[in-house]
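Below is one structure, written out as structure tokens; comments come after it.
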Amino acid sequence: MNIDILSAPGDLFLGSDTATAIAQGARRFGSAAKAIRFAMEQAAPVSLHGATLRVGNHTLGARQIRRLHRQMADLGQARQPGR
């Protein structure tokens with residue numbers, strides 16, 4: 001995954017499944033990095049089941065959001081999991 005998209009604005013959908021996340025609508029973030037940190041560090045864990053992040057013409061699912069968060073944590077840009 002190309003981490004260059006982290007600075008672009010993104011729309012984060014959270015819910016227990018994808019349909020619920022879409023129905024509840026997006027939360028807009030000034031950067032995908034902020035959206036990813038919010039999803040992984042502040043949102044309820046169950047809401048990640050249906051998580052989707054739209055950044056430009058890219059759509060990322062929960063697994064990709066988790067992977068980017070791990071990469072950000074390795075770079076010191078997010079909290080390490082379990083902390």
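full-length UniProt numbering applies: residue 1 is where the sequence shown begins, and numbers increase by one.
Just so you know, even glycine gets a beta-carbon here, dropped at the ideal spot from N, CA and C.
These figures come from a predicted structure and were not determined experimentally.
Between I36 and L68 the beta-carbon gap is near 5 Å, inside 8 Å, which marks them as a contact.
Leaving aside the five residues that flank V55 on each side, the residues in its chain whose CB is nearer than 6 Å to its CB run, in chain order, I5, A8, G10, A32. When only Cα atoms are considered, H49 and G30 end up about 23 Å apart.
Remark: C-beta atoms of A62 and A51 approach each other more closely than 7 Å. One Cα belongs to E41, the other to R27, and the distance between them is close to 15 Å. A Cβ-Cβ distance of about 5 Å is found for the pair Q80 and A73, placing them in contact under the 8 Å criterion.
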